[in-house]
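Visitor: Okay, here's the structure, questions in a sec.
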DNA sequence: GATGAATGAGTTTTCATTCAT
DNA sequence: CATGAATGAAAACTCATTCAT
């Protein structure tokens, strides 16, 4: 293994470890209270290493956000190639959503994204992209439902996807603060009602 | 007069001015970046005066949150005594929600509440209370629908109120980041679908 | 003594002490290595107090420069109202210059001003003003020489004042690095040669 | 090969490139703000290479100073072997001085040397040597004037050379901050006055 | 020779909080 | 009631230097 690749490998490792640490630290402390010091220490490095990779805290946050939202969405891609029934795909989708939502730090992180986005155009832009991709992905899944004659040909997929996202976001919000809020079963039931599947 | 009894002084002018300033400053800068200096100056006072009324920034934030959420809910109380048709009450409610949501700083502030709540038990407790009261209020409205035979007697009001809140929250979230998201009409249509009014 | 004046008095005192500390600290360490920490400590305060009075290090430096250059020039004002012979006024002026130049920290500070001025437009602007006032003052003194028929009516005072300043600056520069450089007597002799007094 | 013998390696390409970079970078940013990173990059290398050649930033600066001042003086050596009239040699010297002074970065660098010298004995020592050599060189030129009977045999060359250097330094200082300061012609006129040539 | 990852001490700046007036 | 001077802890960011490759 030559010099170059050894250096590159080390660089990659520290980059990755900083990203991983960010998930934990930004989730746990929020953007403002997550210090670079803590972030770096959590990754097993010192501040200096952080600035070797990123030129500022905001820069890093943006990059981390891109990374995190991209990974988040990839979890849903298998739905597009699934061979099971449409109803089953819907259920699976909800389950994946549920699993991801319960990952430590994801919900706090998501609120952080929202909270910063309303004041920072760069972050807002990323949220916007994230939502659009979200809608598109759901539209693609719903399209399969139409092709399988499970959904009415009249159903406006754009609007429907937006409704579904609203219901899921609303569910997460509510469950963060109210124990014994409504259950996943009820989410599924509501989504099926929106899809006129029942 | 000790700090605790300060809660009783809500009629004070300085108290009110600080609350108003908080709505603006916390909304615009977020909790962490809103300095006491700025807060006090916005209210027309200096730091010293702030500490005359509140023992810490967190304390103040908590009291402000109580104040703000309480004022927020009061906007919906007229719905309970309204004499119009049930459908009209629903429409009115959605309109009030829409108007409040578009008030400057409300959405940023709400995200701030969420973002802090997931990490701070005191704030979380308040969010929890807020949501419960929200549910209760909607239940009371829906009860009128049942009495007017507009809603099925079988409809589980607890679950239904939760669904409605989710839809409204989800709508706000989405509209904060995606222009041309779904419209108020669609919200109303979806809520009516949930209520099986159509 | 009322509250206001007590507060104002304290404020004045800390401002003054910070200015005094600056003369010592900037002179001793130079702008870059003079930390706010040290500056404040030298004045008997902490960093926070510094930022109560000045919004940044650069801002402070500019204000300090104004202050210092203004005080510097005031030392020469008595020359304008002196009643002695023109030759004596010239000698006195050179002596004042000599005394000020040998004040601890003045020369280092002056080099600092020069060194920063070439890279910072704000500082350069101040240096430019300083020099122009310098020229003007010398012109006024020389004018007295003309009125007393000690100087040729043909002498161009603008050019002459510039030459004198150059000789004095050059003297200071040289004496900072070379011991046994040329003496004050020689400066006086050279200036008299420029003035065609000999 | 130890660090000390590095002085002998002045023919190295990397050495030369670092020296050239230093002229630019120290001139542009000043000693404190010129980072090794930038210095190395400007020379086409990386930090590591820098430390291969020099043991510290200060060390490098000292060596750079030696190098630069030595190159500076070499520009005047042709004057010693010139065959033209004494007056013409004087004019040539002033012109060389003028040309060098207007080289980008030279004046800022010179102020940097001064500014550091008053606080650093090593740097001061080099400035002292520089000035002494300067005086010596001028004395040698003036000696030619004496031999050609252009200068009075009574003229004290040591003192005269000091005066000339002061005038030149003063000219540079003044022209750095005041546009429309006195002109080269006036410098020449003043120097001739000092030499009693007029 | 040359690279660049990693460090850690140091720098400017902000800000919640206290307290004498 | 109200002020504002003073504090000190903590934050983002910089940079000379080292060293494994």
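Residue numbers (the UniProt record's numbering), protein chains in the order written: chain A, 1 to 198; chain B, 1 to 198; chain C, 1 to 198; chain D, 1 to 198. Glycine included, C-beta positions come from ideal geometry on N, C-alpha and C.
Excluding the 5 residues flanking residue 36(A) on each side, which residues of the same chain have their C-beta closer than 7 Å to its C-beta?
Guide: 47, 50 and 57
Visitor: Taking 8 Å as the CB-CB cut-off, is residue 61(D) touching chain C?
Guide: no
Visitor: Along chain A, which residues have their Cβ under 9 Å away from the Cβ of residue 147(B)?
Guide: By Cβ distance, chain A contributes nothing, its closest Cβ being about 24 Å from residue 147(B), past 9 Å.
Visitor: Give a yes or no on whether 8 Å exceeds the smallest Cβ distance from residue 37(A) to chain B.
Guide: no
Visitor: Please identify the residue among 195(D), 157(D) and 94(D) whose C-alpha is closest to the C-alpha of residue 140(D).
Guide: 157(D)
Visitor: Is it buried or exposed, residue 143(A), if we count other Cβ atoms within 10 angstroms and call 16 or more buried?
Guide: exposed
Visitor: Return the CA-CA distance between residue 173(D) and residue 92(C), expressed in angstroms with no decimal places.
Guide: 24 Å
Visitor: Look up residue 4(B) in the DSSP assignment and say whether it is helix, strand or coil.
Guide: Note on residue 4(B): pLDDT 40, under 50, position unreliable in the model; no value is reported.
Visitor: Using the beta-carbon of each residue, which ones in chain B are nearer than 7 Å to residue 124(A)?
Guide: 177
Visitor: Going by other Cβ atoms of all chains shown within 10 Å of its Cβ, with 16 needed for buried, is residue 160(A) buried or exposed?
Guide: buried
Visitor: Could you tell me which chain C residues have their CB closer than 8 Å to the CB of residue 173(D), listed as they occur along the chain?
Guide: Near residue 173(D) (Cβ distances below 8 Å), the residues of chain C are 114, 166, 169, 170 and 173.
Visitor: Can you name the residues of chain A whose CB is closer than 9 Å to the CB of residue 93(B)?
Guide: The premise fails here: residue 93(B) is roughly 16 Å from chain A at the closest Cβ pair, so nothing lies under 9 Å.
Visitor: For a contact meaning CB atoms closer than 8 Å, what does residue 48(C) contact in chain D?
Guide: Residues of chain D passing the Cβ test: none, with the nearest at roughly 25 Å.
Visitor: Interface residues of chain A around residue 44(B) at Cβ under 8 Å?
Guide: Proximity of chain A to residue 44(B) at the Cβ level (cut-off 8 Å) is not reached, the minimal Cβ distance being about 24 Å.
Visitor: Kindly indicate which residue of 25(A), 27(A), 39(A) and 195(A) has the alpha-carbon position closest to the one of residue 150(A).
Guide: 195(A)
Visitor: Excluding the 5 residues preceding and the 5 following residue 45(A) in the sequence, name in chain order all residues of the same chain whose CB lies nearer than 8 Å to its CB.
Guide: 14, 17 and 18
Visitor: Do you know offhand how far residue 65(B)'s Cα is from residue 113(B)'s?
Guide: So the two alpha carbons sit approximately 8 Å from each other.
Visitor: I want to see whether chain A comes within less than 8 Å of residue 57(B), judged by CB atoms only; does it?
Guide: False, the Cβ-Cβ gap to chain A never drops below 8 Å.
Visitor: Check whether the stretch 83-92 of chain D and the stretch 180-187 of chain D are in contact - that is, three or more C-beta pairs closer than 8 Å.
Guide: Contact between the stretch 83-92 of chain D and the stretch 180-187 of chain D is absent, because fewer than three Cβ pairs lie under 8 Å.
Visitor: Measure from the C-beta of residue 141(A) to each C-beta in chain B and report whether the shortest distance is under 8 Å.
Guide: no
Visitor: My output table needs one value for residue 35(B): the three-state DSSP class, helix, strand or coil.
Guide: coil
Visitor: When every heavy atom of the ligand SAH is checked, does at least one fall within less than 7 Å of the C-beta of residue 165(D)?
Guide: What this structure holds is no ligand at all, so the ligand SAH is not there to describe.
Visitor: Is DSSP giving residue 179(B) helix, strand or coil here?
Guide: coil
Visitor: So is residue 152(C) in contact with chain D if we call contact Cβ pairs under 8 Å?
Guide: no
Visitor: Taking only three categories from DSSP, how would you classify residue 66(A)?
Guide: helix
Visitor: Give me, in chain order, the residues of the same chain whose beta-carbon lies closer than 7 Å to that of residue 1(A); leave out the 5 immediate sequence neighbours on both sides.
Guide: Bear in mind that the predicted position of residue 1(A) carries a pLDDT of just 44, short of 50, making it unreliable; the figure below should be weighed with that in mind. Closer than 7 Å at the Cβ level, and outside the excluded window around residue 1(A), lies no residue.
Visitor: Looking at residue 167(D) and residue 134(D), is the spacing between their C-beta atoms short of 8 Å?
Guide: no
Visitor: Leaving out the 5 sequence neighbours to the left and right, which residues in its chain are closer than 8 Å to residue 155(C) when beta-carbon positions are compared?
Guide: 142, 146, 195 and 196
Visitor: Is it buried or exposed for residue 176(C), if we count other Cβ within 10 angstroms and need 16 for buried?
Guide: So residue 176(C) counts as buried.
Visitor: Provide the residue span of the alpha helix (DSSP H) that contains residue 142(D), from first to last.
Guide: 121-147
Visitor: Identify the continuous alpha helix (DSSP H) that holds residue 84(D) and give its terminal residues.
Guide: First-last for residue 84(D): undefined, no H or E at that position.
Visitor: Residue 116(D) to residue 24(C), Cα distance in whole Å?
Guide: Answer to the nearest angstrom: the Cα atoms are 16 Å apart.
Visitor: So which of 9(C), 192(C), 8(C) and 22(C) has the shortest CA-CA distance to residue 104(C)?
Guide: 22(C)
Visitor: Taking 8 Å as the threshold (C-beta atoms), are residue 123(B) and residue 128(A) in contact?
Guide: no
Visitor: Please check if any C-beta of chain A sits within less than 8 Å of the C-beta of residue 32(B).
Guide: yes
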